[in-house]
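**Student:** Going by the numbering used here, the letters in the sequence shown line up with residues 43 to 339, in that order.
We put the CB at the ideal spot given by N, CA and C, even for glycine.
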Amino acid sequence: MQKIVPHLWFDNQARAAAKFYTSIFKNSMMGSISHYTKAGAKVSGKRKGSVMTVSFEVEGQQFIALNGGPVFTFTPAISFFVTCEKEEIDDLWYLLSIGAKAIMMPFDKYSFSEKYGWLEDKYGVSWQLTIGSRAQKIAPCLMFVQKQAGKAEEAMHFYISLFPNSEITMISRYTKGDRDVEGTINHAEFTMAGQEFMCMDSSLEHMFGFNEAISLLVNCKTQDEIDYLWRKLTDGGEESQCGWLKDKYGLSWQITPDIISQMMLDPDPEKSEWVMEALLPMKKIDIATLKRAYGRK
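Right, here's the structure in full:
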C-alpha cells in the first residue's frame, strides 16, 4: 500500500475522471469503489448508495477520487509532474488538453526541456508534462504562493522530518534577473516515505492557493503514528473532521488508519454504516473506536 496518496475532490465526476486517466496513461488500472452509507449521505447531501470514492492507479502512482459535491475546486497550487518518453508526450498532451480549462504554459520547447507544457484538464486538475526518464513517472508538485511564497524550502525540511526514508534530493533557486525572488525555490525535489515530490515558490500575483480539493492522505498502521502526525501537522495549522487537517502552510492532509478502506468496503453494509457513524464525529481518528463499531455484531 502506498504510504501517501493524493486525494482528489470532485463534485460528481470521480468515476468518470478515474476512467479517463486510466484510459490515457499506460500501466494504469481502476481500483475499489466505495458508496455512501445512510450516515455519509445525510452529511454530504449525496444519495445513499451513490459512489463516494474511487481508487485508481496510473504509472505506479495511486490516487483516490471523491464525489464530495461542489465545495472545493482544483487549483494549480498542486499539479502532477509527468516525466514522459519522447514517443508518448505528444499524444498524452493532446488527450489531456481536450476540453482543458486553462493552459498555464504552452506545450513548446524550453531551455529546461525539449518539450514541456502545463495545463488544467477538463476536470480542473493540473498536469505538467516534460521529456525525461525517472523511476517515479508521476510526482505531485506543490507551488507556494501568496503569503506562503518563499516558504517552499522551509516546508520541505518540515515534511521530511515527519517520515522515515525522506530527504531533499535537488534544489534549484531563482537567480538575479529572474522574474521571482532571488534565492527562493525555482524547482526542488524531495522524498517523503520514499515517494517523490516536487515544490516551487512563486511570488507572482496568483488568485489561488492550497485547498481541500487535493489533499495528501497518509495511510497509518498504528494509533501512535496517527497521534504523532496529527500533533506535528496541526501545530500552527487547523483541525478538521474525519482525519482531515491543514498544516501551517495551508496544505491539506488526511491522517487515516490503513484498515479503514477494508472497513468501508466490507460486503456487509451494516458494518460500513456503523464505521461511518463512528467516524463522522471525529477530528483525529481513533482506531479503537472504529474497530469497536466495525465489530458490533
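Taking the alpha carbon of D163 as the reference point, which residue from F122, T226, A194 and E196 has its own alpha carbon closest?
**Tutor:** Measuring from the Cα of D163, the nearest candidate turns out to be F122.
**Student:** My parser needs the alpha helix (DSSP H) runs of 4 or more residues fully inside the stretch 49 to 120; what are they?
**Tutor:** With a minimum length of 4 residues, the continuous alpha helix (DSSP H) runs that stay inside the stretch 49 to 120 are 56 to 66 and 80 to 86.
**Student:** Using only the alpha-carbon positions, how far apart do R89 and N54 sit?
**Tutor:** Answer to the nearest angstrom: the Cα atoms are 11 Å apart.
**Student:** Quick one: Cα of N228 to Cα of M242, how far?
**Tutor:** Approximately 5 Å, taken between the alpha carbons.
**Student:** Take S153 as the anchor and find which of I173, K143, G166 and V167 has the nearest alpha-carbon.
**Tutor:** Considering only alpha carbons, the answer is I173.
**Student:** Going straight from the alpha carbon of S97 to that of Y270, what length do you get?
**Tutor:** C-alpha separation (whole angstroms): 26 Å.
**Student:** Looking only at DSSP bridge pairs, what is E281 linked to?
**Tutor:** L287.
**Student:** Is the distance from the Cβ of K313 to the Cβ of S282 below 8 Å?
**Tutor:** It is not a contact, given that the beta carbons lie outside the stated cut-off.
**Student:** With a threshold of 16 other CB atoms inside 10 Å of the CB of M71, please say whether the residue is buried or exposed.
**Tutor:** Exposed, by the Cβ-count rule.
**Student:** Would L117 and I106 be called neighbours here (beta carbons separated by less than 8 Å)?
**Tutor:** In the sequence on display, residue 117 carries Thr and not Leu. Against a cut-off of 8 Å, the Cβ pair of I106 and T117 comes out as no contact.
**Student:** Between S214 and A230, which are expected to be in contact by the criterion C-beta below 8 Å, what is the C-beta distance as a whole number of angstroms?
**Tutor:** Right, the Cβ-Cβ distance comes to about 7 Å (below 8 Å), so this counts as a contact.
**Student:** Mind checking whether L171 and I131 have CB atoms under 8 Å apart?
**Tutor:** Yes; because the gap between Cβ atoms is below 8 Å, this pair is in contact.
**Student:** Can you tell me which of the three DSSP states V317 falls into?
**Tutor:** V317: helix per DSSP, three-state reduction.
**Student:** Using a threshold of 8 Å, state whether the C-beta atoms of H77 and S92 are closer than that.
**Tutor:** Yes, the pair counts as a contact, with Cβ atoms nearer than the cut-off.
**Student:** Quick one: Cα of I210 to Cα of T233, how far?
**Tutor:** The straight-line gap from Cα to Cα measures roughly 6 Å.
**Student:** For F252, count neighbouring Cβ atoms within 10 angstroms of its own Cβ and tell me buried if that reaches 16, exposed if not.
**Tutor:** Buried, by the Cβ-count rule.
**Student:** Using the Cα positions of I120 and W295, report the straight-line distance between them to the nearest angstrom.
**Tutor:** Cα to Cα, the separation comes out at about 13 Å.
**Student:** Around the Cβ of Q304, are there at least 16 other Cβ atoms within 10 angstroms (buried) or fewer (exposed)?
**Tutor:** Under this definition Q304 is an exposed residue.
**Student:** Nearest-angstrom Cα distance between Q348 and M198?
**Tutor:** There is simply no residue 348 to check, as the chain begins at 43 and stops at 339 in what is shown.
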